[in-house]
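Colleague: Just passing along the structure, written as structure tokens.
Chains as they are written, first to last, in this note's numbering: chain A, 2 to 339; chain B, 12 to 567; chain C, 1096 to 1429.
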């Protein structure tokens, strides 16, 4: 499979703190792949996207598009010549043009009648045919986003970049648009790079995921790999849903087993008893600070009585009945494996 | 009686009685502001004496042609000039970061401190220096070509003069529009295959259209309003026609009719523009987004520098140089007591400016405040009309409107005892208030609409009346807009000439009228010192606005 | 002895009480300041002047008619004084001194005003360049042969309006219109600037002929500016005839405001202005012609040429002023 995009040690450091930098990023996108970039705010995802699109010039490294070098020390192909589609947060529809003109904006190589036809077909694909002659402000947020997508797709770019396109939408709309967008992208067999901080979305739609932290790409692989074999706790924490530590992969947990009482531990309660049971060695007396509901279980935050060490424990629903008093002091016993 | 009235109101409305009182006050204040305009327009319906009819037809036949020609050439020329000077500079300033950027930006706005008539006087010598060239043209090409060249050169120089001091209007509007929420639009445009140049013309410029057109309207109004420079260059515009009609033909009624036609023309133009805009939306928000760090060639950098240097030279460096050389030249032959005369005029301008500004501020805040809380759409319409009325009125037109108003009073005998018009500054203050109300009102209105109503709702839930929350919460929050409005109105009043010439009371000179009278008497170079004083006064005002709060209260 | 003390005390009281004189003047010359100061020195009467445009002053006088503030009204144009007389704003002078000093034709017909100074409106021409036949009358200058060679200021100038009014008086409206049209046709450039600018323009070569007031010649001749002196030097003067009459003249004049508070002071003042000494002073300071009988013109003025003034049309300027404005417009004289 030929690669569409190749990054070779791309680096860009901003002198001032204002913009996030990227360091030594290398990755490859193949034809028809959908790759997500995830990471916290400030990890450099958007910067990387800007470099790929051509809005920013990297200081190190090389960038290849379809085998041709589009950015290195000697050359820098301008964004308008790269043929890379771009969908930004909020959509970026031109407010002074109607929808058809917006979509036709990138189709200047075609005749006028063709432009209209292509636009209408695309609008049909996202069920927005009736909006053809409206203006962007007359559409809802979700509709605008759909138009932004097909506008970027209209000129059949070799690569399409999506920079957190759903961030400004509410939860339900985001899920709906995620489906619409990636269904369309798959249908068009588009190659896409998708930047998001919603890791669940990334897991759902991507062929590959890249994780950025502080400007570095710390892991790049399939969703399965990232879910079951994260390289670090931090990466793992990116993907766990709502602190559902029960889903944490074993190796991580093993890594963080408590050899003694001194460390912060994520443990599973095996038993809770209100009585003193001094027979078992692995017992802990702690006060309950907080309980959080996570679906199957509860995450309980406790504070060890003497050393005030904070402890997080996963508790099954059934056991919760015993934890109904406020500021309750309980005895915890730990199981050897969680 | 009042008790039952109170009770009735209580039963039928949610507002306390005080609110209606506020509304009444606002209504009356608004009526004051509209009265000259109404007086003018009503003069359209009155019949005219024989002499007036003759004058009117005389004007139509002999004067109107050249008036329309001169007005059109000067206005269109200046519009193009200000676009060429203002838009590129605004583009450079809004898109790039460079050393001393805020200083350069402020300097680019400073030419607004120079009234067109002063620069028109200052370039007299430059005009003279063209004479040998024109004479050689006459020798080579004949008399008729020479006449054409002579007239064209005068047009060109005056257009350049106007453009140099009026381009800041366009610069400010364009700069504001270009700094808006456009980064995502630019990225989209580039990614869709359009070059940076194409993006400028297809995206940035059209999006800035309403702002730029509003500023062009202001420019056109300033050109139409000018009396000193146009007269000095020997042209005839509508303002000159109004002066001529009143002073030479002695026909105030005819002047009123002409003035109202001018007003209607302006309003029609405003309506046309709004209608032409259609449903399309334009840049609304301003964000403090990071500017692009893009790849600049040497040619581009040079062009950028040029875009900044040319307006600065024409609008600031050249006038200052001319001013200083004239000051030096005239210093030897100044009349005794010139400093006293200048000080008197300066003081008058200061008092007038401050006084009228305060009045306008009080009016505007009262009227706008009521409009903010009223849900009645007639109130909103009334407010809208108020904001447009003075705006569309050139100074001379407004003066004639006020005069028209005062001729009504002659029919009311008891009012006639007090000759308000010529004995006191009342006429002048009144006219200036009506003329410049809309500028302050527009700025403040924009700032107020940006304030969410939630502050008032919170205040009310905590037990405060609307009026109090308006004064103590809303107004402090729009302080930058208030200061900007004050400074702008003050600068406009100080620069003003035709209205001041027509309505000033006896022995009362503003700096503007004093400067003009010096030139009128043939003491050309002597106008340098008062000009310098005027420009300093206005420059202070503008700098205050530029560094104080302009960015948060754009006028467009 | 007692009488002497009482008298001198009375005299002292009279002198110490501030005697005043209020003047509304259209003239803005420095010379006036000097002369007014001299009046104060001589008589102890304090002179307060308010300077403004002619129409403003007139409007002001009208509005104050019931309780006048001004004592004296000074203008630059005879028509303006007649306008004030017509509006009933001026009182009869009742001054035998003035009647003796100033010839009747230079005083208001109803004895409500007197001239103070006089000036002619003449034609100047480029000394070195003009070789052809010189115009003798104003009408000559409208001839085709002077096409593109005439410089004159704008039609809004009262000096031009009065000139045209005098031509209407002497030769009728038809001829006057022909003249205005001819001059407009002959203009070397559309009107710009004042009279002095026209003379400067002749010196620069823009035109060969200019219409100007006589006193400007004097002012330029004695000016601090080298350019002005050279410009004056470059031209010669023609005193044109106006039809059958002499050269068009206009006057600066003064009248006493009806109901003025300081009538006596006003009269004293006017008599002062037309006294021989002051008349000579005016000729020296502003190069305006004296109006007093028996005062000879200065050498500088004599060098210009011989003035035979058309004084009779002076009194019809007011009558034809409105027509003059209209004719100027019809002729296209900007």
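Glycine included, every Cβ here is placed at the ideal spot set by N, Cα and C.
Would DSSP call residue 304/A helix, strand or coil?
Modeller: Three-state DSSP puts residue 304/A in a strand.
Colleague: Name the residues in the region 109–128 of chain A whose C-beta lies less than 9 Å from a C-beta of chain B; which are they?
Modeller: Cβ contacts with chain B come from 109, 110.
Colleague: Establish whether the CB of residue 475/B and some CB of chain C are separated by less than 9 Å.
Modeller: No, residue 475/B does not count as interfacial toward chain C.
Colleague: Taking C-alpha atoms, which residue in 130/B, 439/B, 359/B lies nearest to residue 510/B?
Modeller: The candidate whose alpha carbon is nearest that of residue 510/B is 439/B.
Colleague: Is the beta carbon of residue 368/B less than 9 Å from the beta carbon of residue 40/B?
Modeller: Contact: no.
Colleague: The region 525–538 of chain B: which residues have C-beta closer than 7 Å to a C-beta of chain C, in chain order?
Modeller: If the cut-off is 7 Å between Cβ atoms, the region 525–538 of chain B has 532, 533 near chain C.
Colleague: Give the C-beta separation of residue 178/A and residue 143/A to the nearest angstrom, bearing in mind that I take them to be a contact with Cβ-Cβ under 8 Å.
Modeller: Yes, residue 178/A and residue 143/A are in contact; Cβ-Cβ is about 6 Å, under 8 Å.
Colleague: Please decide whether residue 59/B counts as near chain C, where near means a Cβ-Cβ distance under 9 Å.
Modeller: No, its Cβ sits nowhere closer than 9 Å to a Cβ of chain C.
Colleague: Can you list the residues of chain D that residue 87/A reaches, using a CB-CB cut of under 7 Å?
Modeller: Protein chains A, B and C are contained in the structure displayed, whereas chain D is not.
Colleague: List, in order along the chain, the chain A residues whose C-beta lies closer than 7 Å to that of residue 205/B?
Modeller: Under the 7 Å cutoff, chain A gives 81.
Colleague: Beta-carbon separation of residue 234/B and residue 89/B under 9 Å?
Modeller: Yes, these two residues count as a Cβ contact at 9 Å.
Colleague: Taking buried to mean at least 16 other C-beta atoms within 10 Å of its own C-beta, is residue 125/B buried or exposed?
Modeller: Label assigned to residue 125/B: buried.
Colleague: Beta-carbon separation of residue 1378/C and residue 1367/C under 9 Å?
Modeller: Cβ atoms of residue 1378/C and residue 1367/C: not closer than 9 Å.
Colleague: Please confirm whether residue 220/B has its beta-carbon closer than 9 Å to some beta-carbon of chain A.
Modeller: Chain A contact via Cβ: present.
Colleague: Can you tell me where the alpha helix (DSSP H) with residue 1430/C in it begins and where it stops?
Modeller: Examination of residue 1430/C is not possible in this model, given that chain C is present from 1096 through 1429 alone.
Colleague: Counting pairs of Cβ atoms below 8 Å between the region 1292–1312 of chain C and the region 1246–1257 of chain C, do you hit three or more?
Modeller: Output reads yes: the region 1246–1257 of chain C touches the region 1292–1312 of chain C.
Colleague: Since residue 3/B and residue 252/B should fall inside the 8 Å C-beta cutoff, what is the C-beta to C-beta distance between them, to a whole number of angstroms?
Modeller: The displayed coordinates of chain B run from 12 to 567. Any statement about residue 3/B would go beyond what the structure contains.
Colleague: Please report the residue range of the beta strand (DSSP E) in which residue 8/A lies.
Modeller: Element bounds for residue 8/A: 4–13.
Colleague: Residue 23/A lies in the beta strand (DSSP E); which residues open and close that run?
Modeller: Run containing residue 23/A: 23–31, per the beta strand (DSSP E) assignment.
Colleague: Can you give me the Cβ contacts of residue 520/B inside the same chain, cut-off strictly under 6 Å, excluding the 5 residues immediately before and after it?
Modeller: These residues qualify, in order along the chain: 356.
Colleague: Can you tell me whether residue 196/B is buried or exposed, with buried defined as 16 or more other CB within 10 angstroms of its CB?
Modeller: Answer is buried; the Cβ neighbour count reaches 16.
Colleague: From residue 236/B to residue 113/A, what does the alpha carbon distance come to, in whole angstroms?
Modeller: One C-alpha to the other measures close to 46 Å.
Colleague: For residue 1359/C, name the three-state secondary structure that DSSP assigns.
Modeller: Correct three-state label for residue 1359/C: helix.
Colleague: Among 437/B, 400/B, 476/B, which one has its Cα closest to the Cα of residue 44/B?
Modeller: For residue 44/B, the nearest C-alpha among the options comes from 400/B.
Colleague: Pick helix, strand or coil for residue 282/B, following the three-state DSSP scheme.
Modeller: Correct three-state label for residue 282/B: helix.
Colleague: Among all the DSSP beta bridges, which residues are the ones paired with residue 1405/C?
Modeller: Partner(s): 1343/C.
Colleague: What whole-angstrom Cβ distance do residue 1220/C and residue 1229/C have, given they're in contact under 8 Å?
Modeller: Rounded, the Cβ-Cβ distance is 7 Å, consistent with contact.
Colleague: Where does residue 1274/C fall in DSSP's three states?
Modeller: DSSP places residue 1274/C in helix when its eight states are reduced to three.
Colleague: Mapping the DSSP letters down to three states, classify residue 189/A as helix, strand or coil.
Modeller: Three-state DSSP puts residue 189/A in coil, outside helix and strand.
Colleague: Going along chain A, which residues have a C-beta under 7 Å from residue 224/B?
Modeller: Under the 7 Å cutoff, chain A gives no residues; its nearest Cβ is about 13 Å from residue 224/B.
Colleague: Comparing C-alpha positions only, which one of 50/A, 162/A, 164/A, 169/A sits nearest to residue 141/A?
Modeller: For the residues 50/A, 162/A, 164/A, 169/A, the minimum Cα distance to residue 141/A belongs to 169/A.
Colleague: Kindly indicate which three-state DSSP category residue 404/B falls into: helix, strand or coil?
Modeller: Of the three classes helix, strand and coil, the one that applies to residue 404/B here is coil, per DSSP.
Colleague: Drop a sphere of 10 angstroms on the beta-carbon of residue 286/B, count the other beta-carbons inside from all chains shown, and report buried for 16 or more, exposed for fewer.
Modeller: Residue 286/B is exposed by the Cβ-count criterion.
Colleague: Which class does residue 1333/C belong to by DSSP, given the choice of helix, strand or coil?
Modeller: Three-state result, residue 1333/C: strand.
Colleague: Give the residues of chain A in contact with residue 195/B, contact being defined as C-beta atoms less than 8 Å apart.
Modeller: Per Cβ cutoff of 8 Å: 89, 90, 91, 92, 93.
Colleague: According to DSSP, is residue 281/A part of a helix, a strand, or is it coil?
Modeller: Low confidence applies here, because residue 281/A scores a pLDDT of 47, under 50, leaving its location unreliable; read the following figure in that light. Three-state result, residue 281/A: coil.
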